[in-house]
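Scroll down for the structure; my scribbles are underneath it.
2 protein chains.
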Amino acid sequence: MRLAVDVMGGDHGPGVVVTGALTALEASDAIRELILVGKESEIAAAASGIASRPRVRLLHATEVVEMEDAPMDVLRRKKDSSMGRAVDLVARGEADAVLSCGNTGALLAAATVKLRRLPGIDRAGIATVIPTPENEFVLLDAGANVEAKPIHLAHYALMGSIFSAEVLGYSKPRVGLLSNGTEESKGNELTQEAYRLCKQLDIHFIGNIEGHDLFAGRVDVVVCDGFVGNITLKTSESLAKGMFRLLKRELTATPLRRLGAWLSRGAFQSIKRRMDPDMYGSAPLLGLNGVVFKSHAGASEKAIRNGIRLATEAFRHHINDLIVTRAADASQRLAAVSTSSVAAT
Amino acid sequence: MRLAVDVMGGDHGPGVVVTGALTALEASDAIRELILVGKESEIAAAASGIASRPRVRLLHATEVVEMEDAPMDVLRRKKDSSMGRAVDLVARGEADAVLSCGNTGALLAAATVKLRRLPGIDRAGIATVIPTPENEFVLLDAGANVEAKPIHLAHYALMGSIFSAEVLGYSKPRVGLLSNGTEESKGNELTQEAYRLCKQLDIHFIGNIEGHDLFAGRVDVVVCDGFVGNITLKTSESLAKGMFRLLKRELTATPLRRLGAWLSRGAFQSIKRRMDPDMYGSAPLLGLNGVVFKSHAGASEKAIRNGIRLATEAFRHHINDLIVTRAADASQRLAAVSTSSVAAT
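Here the protein sequences come in this chain order: A and B. When the letters of the first sequence are read in order and numbered with the numbering used here, they come out as residues 1 to 345. When the letters of the second sequence are read in order and numbered with the numbering used here, they come out as residues 346 to 690.
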C-alpha cells in the first residue's frame, strides 16, 4: 500500500504525526511507500535524514487547513494545502489511502469533491470504533453529516457491517439502530423509516437499540445520524475520562490507598489498555471512492501509529469493492420493497 | 406536604416502593401525609400494621399500568389504575405531589390530561440529575417527548435553570444546548433556532456545548430533545456500569489485586457514592401544573427514598410558581425578538 499522510493538521504539530507514521512504517511491510505531505522544512526538522529514508517520500505543500476554516472555503482558497495535496495523491492514483488529523469537515469536503462517492452510496459517514468492557462497536455516523435521511442510515448500517466484519473480524456483526427504546415503535420519524429499510438489508439487523445496550456487549455496529453520533461519542469519551480522573484522585488521596493501588496496578493497566481510545487511532470516512482515514486533532504518536494500521487493514480487505457490490444488492432489495408497498396501497 | 405514591409500577414489586416511602417519611417531618396508592392487600403485605401508622393513608386501586401499555389506552381503559388514582389526588388538591416508577409515557399522558400544563409552557420535559466527578448536571428533556420544537428547548432551558438553582442549589447554573460542537454555527435546524431563542432568556446561557463538556464540570443544565436526551442518559449509565463491572473483574483477578483493592477500598466507596445514580432517585416532569416525579422502574428502596426527598425539595421551593412567573417574562422577551426580526426583514 502507498499511504499519503497529511502531517499538518494535528494539535501537537507535525513532529508527532511524522514520528507516529515512521513507527507505523517500520512495523509494517505492507506499506510500500509513505508519502508525508506538508511543509518540507517542518517535516525535515521532525526526523533527521528523513528525505533519504527508504520507502519515504516528502511532498511539499505551502498551506495548512486550520480547524476554524469553513470546508468549502478551503477547497476554493487553499489550493496548496497539505490536506488537499494528500487527497489529490489518492485521486490521481499515486497513493492508495490517505490519513489526516485535520479539520473533519474540510477533509470530508475535499475527499467528496476530489474522490467522489462510491456508486450506490449517497452519503459518506465517519465510522469510529469504540471499545467497551465486552467488545468493540463501530459507531456511524460519528459526525460527518449533522442531518440524515432514512436511506443514509440504511447505507451506514451496510457499510458499518462490512467494516466490522472485514476489518475488526466480527463474523456476524449485530447491527442496531440507536433509538430511545428497543421496541419497534420507538424512535423519531427518521429512525422509524430507517428501521423499515434496514430490515430489508442482507445484514444481521437486531432492530432498535438504546443507550443501555452500548457498553453491555449487545451490539457491534451502532447506526445513527451524525448529530446523535457525535454527541454519543463525545459523551462516552468525556465520562470515561472523568472516571479515570476520579479514580486517580481517590486512589492517591491517602498513603494507604496509594499502596493498595500500587499492589493492584495490573488491574488499572489492563483497564486502561482495554478502554484506550488510541487503540484504533483513526476512523474511516466510509462511502468515498478512496480509502480516507481521519485521526483526531489531538492524536498522539500511538494513535497515529494505530490509525495507520487500521487504514492498512481496510485497504487490504478491499472494503470499498465490497461496499459497491453490497450497495447494489441493497438497492435492489429496497426497490423491491418500495414497489411492493406501492402495489399494496 | 401531602405526597401520593403509586406503589405498583416498579420492577421489584410494591414492597420495595412501600419500604422506601416509609423510610423517607420517617426521615422527613415535611411530609404531613403519605398516601400509598395500589392494591391494598399487596401494600398491607409489604409492611405490617401499615394502615394504622400515623401520617400514612392507603388508597386502593384495582388496576396496574404495565410497561407495554400504550399511554392513551391507559387513560381510556384503565380507569382505576394506581397511577391514575395517584395523579387524581393531586388534581383534586388532596395531595401536593405524586411519585411513580411506572410507565413514563403513561405518567406523562395522565398528568398532562389531569393536571394540564403550566401557563406559558407548551411541553413538559423530564429533568434527570446526572452526577459527574465535578458537579451534577440536569439533563432535559431526558425522554418525555421524542420530537421537539425550538420553543420547547427554550422552555426546557428556563425550567432546568430554575430547578438547578432552587432544588440543587447552584447559584447561577450554566445552561448549555447540547450540540455537535461548541461554535454557534454547529447544530441541526432545531438547535440552531433554539440557540437564537435561548440567548434572549434571563438565564446564564453558555451557548452550545458538546459531549466532551458533560463530565468535565463545564455545564449545569444540558438542554436537548427527548430522543437525544434519552440516548445520552442511557449511554452514560451504560458506560458507568460497564466501567464498574470491568473494575470489579480486574480487581478480583489475582490475590494480589484483591489485597490492593481491599487496602484502597475507601477510594472505591467514595467513587461509588459520587457516581451513584440512586443519589437523586427520581426526576421531575417539569412544566405540569402539579409536582410530578418519576422514579425508574428498577428503583431500589434507596432510590425511592432519595426520590421522595427530591420531590419534597421541589415542592418546598415552589418551583412551579417560579416557572410560571419566569415563563411570562420569557414570552415577552421572545415576542420582542420576533417583532424586531420581522421589522428587520
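Even glycine gets a Cβ: it sits at the ideal position worked out from N, Cα and C.
*How big is the Cα-Cα spacing for K186/A and G626/B?*
By one-based count along the first sequence, residue 186/A stands at place 186. By one-based count along the second sequence, residue 626/B stands at place 281. One Cα belongs to K186/A, the other to G626/B, and the distance between them is close to 24 Å.
*Contact list for the region 475 to 488 of chain B against chain A, Cβ threshold 7 Å*: T477, P478, G488
*Selected residue, minimal CA-CA separation from P131/A, among E33/A, E237/A, E42/A*: For the purposes of this step, residue 131/A is taken as residue 131 along the first sequence, with counting starting at 1. The candidate whose alpha carbon is nearest that of P131/A is E237/A.
*Confirm, please, whether the CB-CB distance from A455/B to G488/B is below 8 Å.*
Numbered from 1 along the second sequence, position 143 holds the residue referred to as residue 488/B. Numbered from 1 along the second sequence, position 110 holds the residue referred to as residue 455/B. Cβ atoms of G488/B and A455/B: not closer than 8 Å.
*Report back the beta-carbon spacing between R309/A and S28/A to the nearest angstrom; my notes put them in contact at under 8 Å.*
Walking along the first sequence from the start, residue 309/A turns up at place 309. Walking along the first sequence from the start, residue 28/A turns up at place 28. Correct: roughly 7 Å between the Cβ atoms.
_Would L379/B and I388/B be called neighbours here (beta carbons separated by less than 8 Å)?_
Along the second sequence, one-based indexing puts residue 379/B at 34. Along the second sequence, one-based indexing puts residue 388/B at 43. No. Outside cutoff.
*asked:* Given this structure, state the Cα-to-Cα distance separating T235/A from S52/A, to the nearest angstrom.
replied: Position 235 of the first sequence, counting from 1, holds the residue named residue 235/A. Position 52 of the first sequence, counting from 1, holds the residue named residue 52/A. Distance between the alpha carbons of T235/A and S52/A: 44 Å.
*Can you find a CB in chain A that lies within less than 8 Å of the CB of V566/B?*
Locating residue 566/B in the second sequence gives position 221, where the first residue counts as 1. Output row for V566/B: interface = no.
*So is the beta-carbon of P255/A under 7 Å away from any non-hydrogen atom of the ligand ZN?*
The ligand ZN is absent from the structure shown, which contains no ligand whatsoever.
*In chain order, what residues of the same chain lie with their CB nearer than 8 Å to the CB of D674/B, ignoring the 5 residues before and after it?*
In the second sequence, the residue the question calls residue 674/B occupies position 329. Closer than 8 Å at the Cβ level, and outside the excluded window around D674/B, lie D547.
*Which residues share a DSSP beta bridge with I31/A?*
Within the first sequence, numbered from 1, the residue matching residue 31/A stands at position 31. Bridge partners of I31/A: none, in fact.
*asked:* Quick check on the burial criterion: 16 or more other C-beta atoms within 10 angstroms. Buried or exposed for K294/A?
replied: The residue given as residue 294/A occupies position 294 in the first sequence. The residue is buried, with at least 16 neighbouring Cβ atoms inside 10 Å.
_Counting only Cβ-Cβ distances shorter than 8 Å, please list the residues of the region 194 to 223 of chain A near chain B, keeping chain order._
E210, G211, H212, D213, L214, F215, A216
*N- and C-terminal bounds of the beta strand (DSSP E) containing V568/B*: For the purposes of this step, residue 568/B is identified with residue 223 of the second sequence, where counting begins at 1. That run of the beta strand (DSSP E) goes 566 to 568.
*Expressed to the nearest angstrom, what Euclidean distance is found between the alpha-carbon atoms of V87/A and V64/A?*
Sequence index remark: in the first sequence, residue 87/A carries index 87 (1-based). Sequence index remark: in the first sequence, residue 64/A carries index 64 (1-based). Rounded to the nearest whole angstrom, the C-alpha separation of V87/A and V64/A is 14 Å.
*Simplified DSSP state of M620/B, which is helix, strand or coil*: Counted from its first residue, the second sequence places residue 620/B at position 275. Taken through DSSP and simplified to helix, strand or coil, M620/B comes out as coil.
*Just tell me which of K424/B, V458/B, P399/B, V566/B has its CA closest to the CA of P407/B.*
The sequence position of residue 407/B within the second sequence is 62, counting from 1. Note that residue 407/B corresponds to Thr in the displayed sequence, not to Pro. The residue with the shortest Cα to Cα distance from T407/B is K424/B.
*asked:* In this structure, how does DSSP classify G176/A when only helix, strand and coil are distinguished?
replied: Here residue 176/A refers to the residue found at position 176 of the first sequence. Taken through DSSP and simplified to helix, strand or coil, G176/A comes out as strand.
*Rounded to whole angstroms, how far is the Cβ of P518/B from the Cβ of H549/B, which I believe are closer than 8 Å?*
What you label residue 518/B is simply residue 173 of the second sequence in a count that begins at 1. What you label residue 549/B is simply residue 204 of the second sequence in a count that begins at 1. Confirmed, Cβ separation roughly 6 Å.
*asked:* For V491/B, would you say it is in contact with chain A, using Cβ-to-Cβ distances shorter than 8 Å as the test?
replied: Residue 491/B sits at position 146 when you count from the first residue of the second sequence. V491/B counts as touching chain A.
*For V138/A, the nearest candidate out of E147/A, K149/A, S161/A (CA to CA)*: Taking the first sequence and counting its residues from 1, one reaches residue 138/A at position 138. Looking at the Cα atoms, S161/A is the closest of the given residues.
*Beta-carbon proximity of A612/B to R265/A, cut-off 8 Å*: Within the second sequence, residue 612/B is the residue found at index 267, counting from 1. Within the first sequence, residue 265/A is the residue found at index 265, counting from 1. No, Cβ-Cβ distance for A612/B and R265/A is not below 8 Å.
*Do you know whose CA, among N103/A, E189/A, I50/A, G15/A, lies nearest M72/A's CA?*
As a position in the first sequence, residue 72/A is number 72, starting the count at 1. Of N103/A, E189/A, I50/A, G15/A, the residue nearest in Cα terms is N103/A.
_To the nearest angstrom, how far is the alpha carbon of A502/B from that of R117/A?_
The residue given as residue 502/B occupies position 157 in the second sequence. The residue given as residue 117/A occupies position 117 in the first sequence. Our two residues, A502/B and R117/A, have alpha carbons roughly 40 Å apart in a direct line.
*asked:* So with CB distances below 8 Å, who are the chain B contacts of G226/A?
replied: Taking the first sequence and counting its residues from 1, the one referred to as residue 226/A is at position 226. Correct list: N525.
*For chain A, is any of its Cβ atoms less than 8 Å away from the one on G355/B?*
Locating residue 355/B in the second sequence gives position 10, where the first residue counts as 1. Judged by the 8 Å Cβ criterion, G355/B is not in contact with chain A.
*Tell me whether D356/B is buried or exposed, calling it buried when 16 or more other Cβ atoms sit within 10 Å of its Cβ.*
Stepping through the second sequence from its first residue, residue 356/B is reached at position 11. Classification of D356/B: exposed, given that the 10 Å Cβ count is below 16.
*Roughly how many whole angstroms lie between the Cα atoms of I668/B and G632/B?*
Residue mapping note: residue 668/B aligns to position 323 of the second sequence, counting from 1. Residue mapping note: residue 632/B aligns to position 287 of the second sequence, counting from 1. Roughly 8 Å separates the two Cα atoms.
_Residues from the region 229 to 251 of chain A in contact with chain B, defined by Cβ distance under 8 Å_ = N230, I231, T232, L233, K234, T235, S236, E237, S238, L239, A240, K241, G242, M243, R245, L246, L247, R249, E250, L251
*G105/A, enclosing alpha helix (DSSP H) - first and last residue*: Here residue 105/A corresponds to residue number 105 of the first sequence, with the count starting at 1. Counting along the chain, G105/A sits inside the alpha helix (DSSP H) bounded by residues 104 to 115.
*Exposed or buried, what is K114/A when buried is set at 16 or more other beta-carbons lying within 10 Å of its beta-carbon?*
Taking the first residue of the first sequence as position 1, residue 114/A is located at position 114. Answer is buried; the Cβ neighbour count reaches 16.
_Per-residue contacts from I616/B into chain A (C-beta, under 7 Å)_ = Translated into the one-based positions of the second sequence, residue 616/B becomes position 271. Those are L246, L247, E250, listed as they occur along chain A.
*Checking contacts by CB at 8 Å: is R468/B closer than that to chain A?*
One-based indexing of the second sequence puts residue 468/B at position 123. It does not; no Cβ of chain A falls within 8 Å.
*Is the distance from the Cβ of G354/B to the Cβ of A642/B below 8 Å?*
As a first step, residue 354/B must be located in the second sequence, where it is residue number 9. As a first step, residue 642/B must be located in the second sequence, where it is residue number 297. It is a contact, given that the beta carbons lie within the stated cut-off.
*Go ahead and label A343/A buried or exposed: buried means 16 or more other beta carbons lie within 10 angstroms of its beta carbon, across all protein chains shown.*
On the first sequence, residue 343/A is found 343 positions in, with the first residue counted as 1. Caution is warranted here: a pLDDT of 49 is assigned to A343/A, below 50, making its placement in the model unreliable, and the coordinate value is therefore given only provisionally. A343/A is exposed by the Cβ-count criterion.
*In angstroms, rounded to a whole number, what distance separates the CA positions of L246/A and I616/B?*
The residue labelled residue 246/A in the question sits at position 246 within the first sequence. The residue labelled residue 616/B in the question sits at position 271 within the second sequence. In a straight line, the C-alpha of L246/A is about 7 Å away from that of I616/B.
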